[in-house]
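**Student:**
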Amino acid sequence: MKFSKALGVGATVLASAAMLAACGGNSSSSSSSSKKSINWMVASEIPTMDLSKATDATSFNQISNTMEGLYRLGPNSKLEKALATSEKVSKDGKTYTYTLRKSKWSDGSEVTAKDFVYSWQRTVDPKTASQYSYLFSGIKNADAIVAGKKPVSSLGIKAVGKYKLVVTLDRRIAYFDKLMGFAVFFPQSEKTVKKYGSKYGTASKYMLYNGPFKQTGWTGSNLSWKMVKNQNYWDKKDVKLDAINWSVQKTPSTGYNLYQSNKLDATALDSSQTKQLKNQKGYTSLNQGATFYMQFNVAKNKYLANANIRKAISLAVNRKGLTSSLGGNSVPANTLTPTQLTSVNGKDYTTRIAKSAEVYYPTTTKKSEAVKYLNKGLKELGVSKFSFKILSDDTDAGKKTTELLQSNIESTFGGKVSVSVQNLPFKTRLSRSTAGNFDVVISGWSADFADPISFLDLFTTGNAENNGKWSNKEYDKLIADSKVTASASKRWDDLTKAENILLENTGVAPLYYNTNVWMIRPSVKGVIQNRGTWNFKDAYVK
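One rule links them: number in this note's numbering = place in the sequence shown (from 1) + 55.
1. Mark residue 178 as exposed unless 16 or more other C-beta atoms lie within 10 angstroms of its C-beta, in which case mark it buried.
2. Starting from residue 307, follow the alpha helix (DSSP H) in both directions and report where the run begins and ends.
3. Rounded to the nearest angstrom, how far is the Cβ of residue 445 from that of residue 474, given a contact under 8 angstroms?
4. So, for residue 418: in the same chain, excluding its five sequence neighbours on each side, which residues have a beta-carbon less than 6 angstroms away from its beta-carbon?
5. Between the alpha carbons of residue 427 and residue 493, how many angstroms are there, rounded?
6. Taking the CB atoms as reference points, tell me whether residue 242 and residue 591 lie closer together than 9 angstroms.
7. What does a CB cutoff of less than 6 angstroms around residue 476 pick up in its chain, not counting 5 residues either side in sequence?
8. By DSSP, does residue 584 sit in helix, in strand, or in coil?
9. For residue 464, which residues in the same chain have their Cβ closer than 8 angstroms to its Cβ, ignoring the five residues on either side in sequence?
10. Relative to the C-alpha of residue 557, which residue among 523, 97, 581, 286 is closest?
11. For residue 438, count the other beta carbons within 10 Å of its own beta carbon; 16 or more makes it buried, fewer makes it exposed. Which is it?
12. How would you write the range of the beta strand (DSSP E) that residue 339 sits in, first residue to last?
13. Please determine, among 280, 443, 227, 128, the residue with the shortest C-alpha to C-alpha distance to residue 195.
14. Would you mind giving the Cβ-Cβ distance between residue 185 and residue 292, rounded to the nearest angstrom? I have them listed as a contact below 8 angstroms.
15. Please classify residue 100: is it buried, with 16 or more other beta-carbons within 10 angstroms of its beta-carbon, or exposed?
16. For residue 149, which residues from the same chain have a beta carbon less than 8 angstroms from its beta carbon, with the 5 sequence-adjacent residues on both sides left out?
17. Just to confirm my understanding: we take residue 304, look at its own chain, exclude 5 residues before and 5 after, and list those with CB closer than 6 angstroms. What are they?
18. To the nearest angstrom, report how far apart residue 562 and residue 329 are at their CA atoms.
19. Between residue 105 and residue 534, what straight-line distance do the alpha-carbon atoms span, to the nearest angstrom?
20. Based on Cα-Cα distance, which residue from 212, 138, 366 lies nearest to residue 566?
21. Determine the direct distance from the alpha carbon of residue 116 to that of residue 450, and round the result to whole angstroms.
22. Where does residue 232 sit, in a helix, a strand or coil, going by DSSP?
23. If you count every other CB in all the chains shown that lies within 10 Å of the CB of residue 286, and 16 or more means buried, which is it?
24. Measure the C-alpha to C-alpha separation of residue 207 and residue 180 and round it to an integer number of angstroms.
25. Looking only at its own chain, which residues have a Cβ that is under 6 angstroms from the Cβ of residue 314, when we skip the five neighbours before and after it?
26. Are residue 571 and residue 340 touching if we call contact CB-CB under 9 angstroms?
27. Which residues share a DSSP beta bridge with residue 479?
Quick look at the structure:
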């Protein structure tokens, strides 16, 4: 999913030019007036609460705590039973049968298997234009439905009575269980969607919830709201918090001041704060399972459509300088799939990527190589210079990133390349990205589930997240083959070869693997985070 905090998509590092406002020891008492409520921050506005249309971590953090599907993600992404009380898989791995527990929506009406059927059909319906419809590929008829060739009613999901759900696949999907913990596969109330129409998901009051909490007070554009305990939640007895008070804090110095004054229970740290607070109680490092990268618009910018130009730009970047500037524990990236996401035969998947593919993403600027590729690209294009614009968010980290990249590129190439920057509010930036209205956009992606396909699928031809329209037939074939093979070793080979192609062609330019640093008040217990998504179901204040 897209990061929405620092640059483009979940809980990522915030950076600021402001100095640390205070560095005394933090209080161990809760910042909240009640021991059953906590105050939490996020660094950008909520784009939507519609799970069929959400793509970013800010939205999914809200949805995952106010809605619930077959499973929840527990510690270390372990699947925990939620609405599913049992699962039965056919011998050929193509049919999944789930028995559902009795549960209710926040208005007291029943949650049934039909709510899953409606939700899945709505998401794959071309009329919905869900950017996540590709995740349904492999479920019977999903691809044909998304392509507009079959009716949504033919999707391989059906309700058998109120509490039995049967899912039929076109092929065995190695990571199918992992998908079921992701919010795109949660149920939706058909009557609610139809009641509110285009307003559905645009404000708290235009929603119905079946998760541990209900959202209240979000108008669609405001910077503070609440989650309150859902009294109709099936497991309400184990939900210890009465409320979570949310606020948008784009500046880390402000966030930390609020933390110090007991008005926030958690806040993300910038580079200065990270260094000064590492020995303080509450200092927490969070691996996001995420990569930030430059996405090039090869469809609209003739200069960036040239692979040598893209390689030159990537080679000009000082990734070590960037991560140092942004703070946290993030490290320079030379692969799209982040490290520590998946292991293959006991080794990190990223060790399989060829060195020849990683060479275009150096830790520090490689000026001579960058100039060589630039001159080659300029010659092929028949020009002596060109200019382009870098788009990112209006957070401190977004601004710091575009400024550093602008400086790196212009200082490396002199007058041959001119770079301008534009920093916009996240919702606006996201809209521009989706519409392809950019030259280069700083994007971030966190794994929806712990598998490289969560990243590599993004850059297949026609994928809704492939905003720059990079395309490669061999890459597409390898990704497609990886989904149908019954051989685990061939699947890993296909994925590795595909990533090598993407990197060697500089389809995108990885910048860094995102590891976040927060101050979380020690009195707050039971909060779980998996790859940028918070889980507050079992949270409490001690």
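Positions of the beta carbon are idealized from the N, C-alpha and C atoms, including for glycine.
**Tutor:** If we stick to the structure as given:
1. For the purposes of this step, residue 178 is taken as residue 123 along the sequence shown, with counting starting at 1. By the 10 Å Cβ count, residue 178 comes out buried.
2. As a first step, residue 307 must be located in the sequence shown, where it is residue number 252. For residue 307, the enclosing alpha helix (DSSP H) begins and ends at 307 to 315.
3. Reading the sequence shown from its first residue, position 390 is the one you call residue 445. Reading the sequence shown from its first residue, position 419 is the one you call residue 474. That belief holds up - the Cβ atoms of residue 445 and residue 474 are roughly 6 angstroms apart, short of 8 angstroms.
4. Position 363 of the sequence shown, counted from the start, is the residue given in the question as residue 418. The beta carbon of residue 418 lies closer than 6 angstroms to those of 374, 375, 387 in the same chain, with the five residues before and after it left out.
5. Taking the first residue of the sequence shown as 1, we reach residue 427 at position 372. Taking the first residue of the sequence shown as 1, we reach residue 493 at position 438. Cα to Cα, residue 427 sits roughly 26 angstroms from residue 493.
6. The sequence position of residue 242 within the sequence shown is 187, counting from 1. The sequence position of residue 591 within the sequence shown is 536, counting from 1. In this structure, residue 591 does not lie closer than 9 angstroms to residue 242 by Cβ.
7. Here residue 476 refers to the residue found at position 421 when the sequence shown is read from its first residue. So the qualifying residues of the chain are 445, 457, 461.
8. Here the question's residue 584 lines up with position 529 in the sequence shown. Strand, per DSSP.
9. As a working mapping, residue 464 is identified with position 409 in the sequence shown. Only residues of its own chain outside the window of five on either side were considered, and among them 368, 371, 372, 472, 474 have a CB closer than 8 angstroms to the CB of residue 464, listed in chain order.
10. Numbered from its first residue, the sequence shown carries residue 557 at position 502. Per the Cα distances, 523.
11. As a working mapping, residue 438 is identified with position 383 in the sequence shown. Under the 10 Å beta carbon count, residue 438 is surrounded by fewer than 16 other beta carbons and is classified as exposed.
12. The residue given as residue 339 occupies position 284 in the sequence shown. Here the beta strand (DSSP E) through residue 339 covers 338 to 351.
13. Within the sequence shown, the letter at position 140 stands for residue 195. Closest by alpha carbon: 227.
14. Position 130 of the sequence shown holds residue 185. Position 237 of the sequence shown holds residue 292. That pair is no contact at about 35 angstroms.
15. In the sequence shown, the residue the question calls residue 100 occupies position 45. Classification for residue 100: buried.
16. Numbered from 1 along the sequence shown, position 94 holds the residue referred to as residue 149. Cβ-Cβ distances below 8 angstroms link residue 149 to 223, 224, 225, 226, 227 in the same chain, with the five nearest sequence neighbours on each side left out; the list follows chain order.
17. Position 249 of the sequence shown holds residue 304. Excluding sequence positions up to five before and after residue 304, its CB lies within less than 6 angstroms of the CB of 96, 310, all in the same chain and listed in chain order.
18. The residue given as residue 562 occupies position 507 in the sequence shown. The residue given as residue 329 occupies position 274 in the sequence shown. Roughly 32 angstroms separates the two Cα atoms.
19. In the sequence shown, counting from the first residue as 1, residue 105 sits at position 50. In the sequence shown, counting from the first residue as 1, residue 534 sits at position 479. Going by the C-alpha atoms only, they are around 29 angstroms apart.
20. Indexing the sequence shown from 1 puts residue 566 at position 511. For the residues 212, 138, 366, the minimum Cα distance to residue 566 belongs to 366.
21. One-based indexing of the sequence shown puts residue 450 at position 395. One-based indexing of the sequence shown puts residue 116 at position 61. Straight-line Cα distance between these residues: approximately 19 angstroms.
22. Position 177 of the sequence shown holds residue 232. Annotated three-state conformation of residue 232 is helix, per DSSP.
23. Within the sequence shown, residue 286 is the residue found at index 231, counting from 1. Flag for residue 286 reads exposed.
24. Position 152 of the sequence shown, counting from 1, holds the residue named residue 207. Position 125 of the sequence shown, counting from 1, holds the residue named residue 180. Rounded to the nearest angstrom, the two C-alpha atoms are 6 angstroms apart.
25. If you number the sequence shown from 1, residue 314 lands on position 259. The answer, listed in chain order, is 322, 574.
26. Your numbering for residue 571 matches position 516 in the sequence shown. Your numbering for residue 340 matches position 285 in the sequence shown. Cβ distance < 9 angstroms, so residue 571 and residue 340 count as in contact.
27. As a first step, residue 479 is located in the sequence shown; it is residue number 424 there, counting from the start. BP columns for residue 479 point to 448.
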